[in-house]
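Numbering (the numbering used here), first residue to last: 141 to 439.
Some notes on the structure that comes next.
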Ligand SMILES: Nc1ncnc2c1ncn2[C@@H]1O[C@H](COP(=O)(O)OP(=O)(O)OP(=O)(O)O)[C@@H](O)[C@H]1O
Ligand SMILES: [Mg+2]
């Protein structure tokens, strides 16, 4: 991860310069009030539950009365639409066609959650020339008319694609399981971001927890390490129980919150929804979605 960390440093430095320019150019635009929350979900190790958290949190927030949009930014496997139980014909990159508008790529899934599927298109989007980036940026801006909360399912680890989304997001949920390898990779993510950005907007979600004691141990272990080596503690949002209902729902291609609303994992999601809606917003970055797009496309 250290090689990835130095790539991250370069990226953050470039980004800081671009952001300074963005403020000059786009000050007026950025000052338009907008209250969309942008929450990126990431992890160090793969397969620890990002997509399940993203999908079920989106459904939970939607059921709590919010308008939620979910964007699949995991280029490895576009499995948000699998869990949403529907097939998407179009993805984000189709917005580059002149006759394709945002509504054409936004699908409606479980509980009315809106989502945009990603697949390889996200990486392509980040590598576009300025003209096409602007086009995409303009069309995507309208997402803030469709949602109060935008959740982004990123890939795992510290590759460029993930970093771009995590750095651009206002709030970040870092999910880990109690496994030592997952914890080590979660620590590497915290370390990388804490070294190169001042923002302290990461909150921890512990997944596949057997009892509260185990969750406490996960948070303690990570916190001891971050305090010792980085001089900071990680915020903690909540946990999700190890639960067969998760696997069963995945097999049925349904969010577990819909398939098994009374299951332990579903109750945990509802607690996470409560914490997210009642707690302080994690980040201090203003103008959620517009600010996110400016950061993402590096103006
Ligand atoms: N709380 C849980 N209880 C039981 N099984 C779980 C739980 N969370 C996740 N799983 C299992 O782990 C699998 C992987 O979950 P998920 O696809 O959400 O991970 P991911 O982090 O998005 O993976 P990737 O890095 O490949 O995108 C699920 O299909 C399920 O079988
Ligand atoms: Mg995933």
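Every residue, glycine too, gets a C-beta built ideally from N, C-alpha and C.
Quantities reported herein were computed from a predicted structural model and do not represent experimental measurements.
Might you give, ordered along the chain, the residues of its own chain that have their beta carbon closer than 8 Å to the beta carbon of residue i, omitting 5 neighbours on each side?
| i | result |
| --- | --- |
| residue 207 | 254, 286, 287, 288, 289 |
| residue 247 | 221, 224, 226, 228, 254, 255, 256, 257 |
| residue 294 | 180, 181, 182, 190, 213, 214, 301, 302, 305, 306 |
Let me know if residue i comes out buried or exposed under the rule of 16 or more other beta-carbons within 10 Å of its beta-carbon.
| i | result |
| --- | --- |
| residue 350 | exposed |
| residue 182 | buried |
| residue 243 | exposed |
| residue 435 | buried |
| residue 371 | exposed |
| residue 402 | exposed |
| residue 437 | buried |
| residue 171 | Annotation note: pLDDT 43 at residue 171 (below 50); position unreliable, no value reported. |
| residue 444 | For residue 444 there is no data in the structure shown, the boundaries of the chain being 141 and 439. |
| residue 396 | buried |
| residue 316 | buried |
| residue 428 | buried |
| residue 282 | exposed |
Taking the alpha-carbon positions, what's the residue i to residue j distance?
| i | j | result |
| --- | --- | --- |
| residue 412 | residue 271 | 40 Å |
| residue 362 | residue 347 | 14 Å |
| residue 430 | residue 394 | 31 Å |
| residue 306 | residue 400 | 30 Å |
| residue 359 | residue 232 | 36 Å |
| residue 309 | residue 277 | 15 Å |
| residue 416 | residue 376 | 11 Å |
| residue 194 | residue 239 | 30 Å |
| residue 379 | residue 355 | 7 Å |
| residue 374 | residue 366 | 7 Å |
| residue 250 | residue 406 | 15 Å |
| residue 337 | residue 296 | 19 Å |
| residue 150 | residue 205 | 40 Å |
| residue 237 | residue 284 | 21 Å |
| residue 197 | residue 230 | 23 Å |
Helix, strand or coil for residue i, going by three-state DSSP, please let me know.
| i | result |
| --- | --- |
| residue 187 | coil |
| residue 374 | coil |
| residue 253 | coil |
| residue 428 | helix |
| residue 288 | coil |
| residue 383 | coil |
| residue 205 | coil |
| residue 244 | helix |
Note down, in chain order, each residue of its chain lying with its Cβ closer than 7 Å to the Cβ of residue i, except the 5 sequence neighbours on either side.
| i | result |
| --- | --- |
| residue 410 | 200 |
| residue 241 | 279 |
To test your reading of the DSSP string, which unbroken beta strand (DSSP E) runs of 3 or more residues are found completely within the stretch 315 to 377? For the stretch 315 to 377, whole beta strand (DSSP E) runs of length 3 or above, ordered along the chain, are 342 to 349.
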